[in-house]
Amino acid sequence: MPRVADRVLEPPSDDLLPKFVASLDPEWIDEALAASGTATIRRRRLPAEQVIWLVIGMCLFRDQSMRDLVSMLDLALPGSRGIRVAPSSIVQARERLGDEPLRWLFERSATAWAHSSARKHDWRGLALYGVDGTTVRVPDSDENRAHFGGQNTRWNGESGYPLVRLVTLMALRSHVLAGARFGAFATHEITLAEELWPQIPDHSLAIVDRGFLSARILNGLERGGVERHWLTRARSDFASTRIERFATGDELVELEVSPAARKKDPTMPLTWRMRAIRYQRRGFKPQLLLTSMLDPKRFPAAEVIALYHERWEIELGYNEVKRVMLRREETTRSRKPRGVAQELWALALAYNLVRFETERVAEAAGVPPTRISFVAALNFIESALRMWGTDSAGRLPERLRRLREDIGHFVLPERRARSYPRAVKLKMSNYDRKRPAKSSSRSRAK
5 MPRVADRVLE PPSDDLLPKF VASLDPEWID EALAASGTAT IRRRRLPAEQ VIWLVIGMCL
65 FRDQSMRDLV SMLDLALPGS RGIRVAPSSI VQARERLGDE PLRWLFERSA TAWAHSSARK
125 HDWRGLALYG VDGTTVRVPD SDENRAHFGG QNTRWNGESG YPLVRLVTLM ALRSHVLAGA
185 RFGAFATHEI TLAEELWPQI PDHSLAIVDR GFLSARILNG LERGGVERHW LTRARSDFAS
245 TRIERFATGD ELVELEVSPA ARKKDPTMPL TWRMRAIRYQ RRGFKPQLLL TSMLDPKRFP
305 AAEVIALYHE RWEIELGYNE VKRVMLRREE TTRSRKPRGV AQELWALALA YNLVRFETER
365 VAEAAGVPPT RISFVAALNF IESALRMWGT DSAGRLPERL RRLREDIGHF VLPERRARSY
425 PRAVKLKMSN YDRKRPAKSS SRSRAK
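Numbered by this note's numbering, the letters in the sequence shown go through residues 5 to 450 in order.
Okay, here's the thing in structure tokens:
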């Protein structure tokens, strides 16, 4: 059997449309515009369907201005005198589009891609998902700060930038997002996560942070379908009653559901049973895992312990978005809340498009999707899109073939065992805090 590096991917078809672009079904775009009431008969120089690609493009090409993106991706219809689209026209086009078409498109494509991916890479018949939250910095405009707020501490006062609270549902073994919710920083991530529970299918396992350990939250997830399991780590103050001992460090335990939880949801049971698995890795403190997977024969403890560590795949996904796609920039681009929402839905959609492509590469290479370099895939897609917008039709297939002729550029070596202490290279500086000036620039367009 040939080595991975020696295998060659099939060249793209000669229809001159990169598979990346074709992944987003044009019918979905039409449906998104119709469902959000954005479709229009009038043909502008920047039609709504092209503005969708413009907003996706601005999440892929952080170094390009919006005006340059219109030209580079050849998104504008020809003008009467060949004049470039004015920046003000781009702003107006984004405002007309709004955020709903991007949200519709993300959710439609996520439903089509993520759940089939999770099912394809399942564990003991359960589709694997991760749920976790993060924050995203947005430009410090009056509108953004009033809408999203930020973190306030007694030492540093308000945060330097407004913050958006974001929670996602991810197919862990491919990093494809199955759902997302975001809101003001003050919104608790559990509140956002609960909105994602209906999107978790039957016969699945959601691996979550220990902050989600709540009878109302996790028991509600269990009761919402058939075999909707969860796995988490216990907090240090966890206390329970042992009901049955399966093996050393593997027990069936029971908790009393608090009156407060049953008052909020009268259908909650008086007690809640779960499985507790204790383990310790060399050089680390003992840990306690809790799960709804009660059958020790079907779900062996050793496999459950190994499986829990796949929870960090969602953290790696957030790293791919923040460090690679956003290029560690201080903030996103949009200075108004509706523009922020539009940009975040487009960012999630663009990320999924890249991840969908990496899964195709993984299948061709015969490796798991997480063995495909996200950076290499993103670079390939950016190069393809640049050439699709600027190269002559006759040369595009040859160049795309050249980009993909050696699959070794995409495949990563086996992930080695690593440990990262929570420490930083540099402490915060002693400079004074820079505050935004109150000027007309604060009210600039998105």
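We treat Cβ as the ideally placed atom computed from N, Cα and C, and that holds for glycine.
Whether residue 347 touches residue 59 by CB criterion (8 Å): yes
Residues sharing a beta bridge with residue 233, DSSP: 209
Sufficient close CB pairs (3 or more, under 8 Å) joining the stretch 248-255 to the stretch 224-233: no
Opposing strand residues paired with residue 291 [DSSP bridges]: 283
C-alpha gap between residue 368 and residue 374, whole angstroms: 14 Å
Inter-stretch contact (C-beta, 8 Å, three-pair minimum) for the stretch 248-268 and the stretch 208-223: yes
Same chain, Cβ closer than 6 Å to residue 366, neighbours up to 5 away in sequence not counted: 373, 376
For residue 355, the three-state DSSP class (helix, strand or coil): helix
Minimum C-alpha distance to residue 280 - residue among 290, 106, 183: 290
Cβ contact (3+ pairs, closer than 8 Å) linking the stretch 229-238 and the stretch 193-209: Touching, yes.
Residue closest to residue 292, alpha-carbon to alpha-carbon, out of 301, 57, 278, 299: 278
Same chain only: Cβ atoms within 8 Å of residue 253, ignoring 5 sequence neighbours per side: 281, 282, 283, 305
Residue range of the beta strand (DSSP E) that includes residue 167: 167-175
C-beta atoms of residue 371 and residue 415 nearer than 8 Å: yes
Inter-residue spacing [alpha-carbon to alpha-carbon] between residue 345 and residue 122: 26 Å
Cβ pair count under 8 Å reaching 3, the stretch 316-330 against the stretch 112-127: no
One or two residues paired with residue 416 in a DSSP bridge: Answer by DSSP bridge pairing: none, since residue 416 is not bridged.
At least three beta-carbon pairs within less than 8 Å, the stretch 326-342 to the stretch 129-145: A contact exists between the stretch 326-342 and the stretch 129-145.
Residue 109 versus residue 435: straight-line alpha-carbon distance, rounded: If you draw a straight line from the Cα of residue 109 to the Cα of residue 435, it comes to about 44 Å.
Given residue 351 as reference, the closest of 72, 426, 31, 106 once Cα atoms are compared: 106
Cβ neighbour criterion (16 or more within 10 Å) applied to residue 90: Exposed is the label assigned to residue 90, since fewer than 16 other Cβ atoms lie within 10 Å of its Cβ.
Under the three-state DSSP convention, the category residue 366 falls into: helix
Nearest neighbour of residue 65, chosen from 358, 329, 338 [CA to CA]: That would be 329, whose Cα lies nearest to the Cα of residue 65.
C-beta atoms of residue 214 and residue 197 nearer than 8 Å: no
Span of the alpha helix (DSSP H), counted from its first residue to its last, around residue 310: 305-312
For residue 287 and residue 421, the rounded distance between their alpha carbons: 13 Å
Close-in-space but distant-in-sequence residues of the same chain around residue 255 (CB under 6 Å, 5 per side omitted): The answer, listed in chain order, is 246, 249, 280.
Residue 72 to residue 92 span [Cα, whole Å]: 13 Å
Separation of residue 186 from residue 172, as counted between CA atoms: 9 Å
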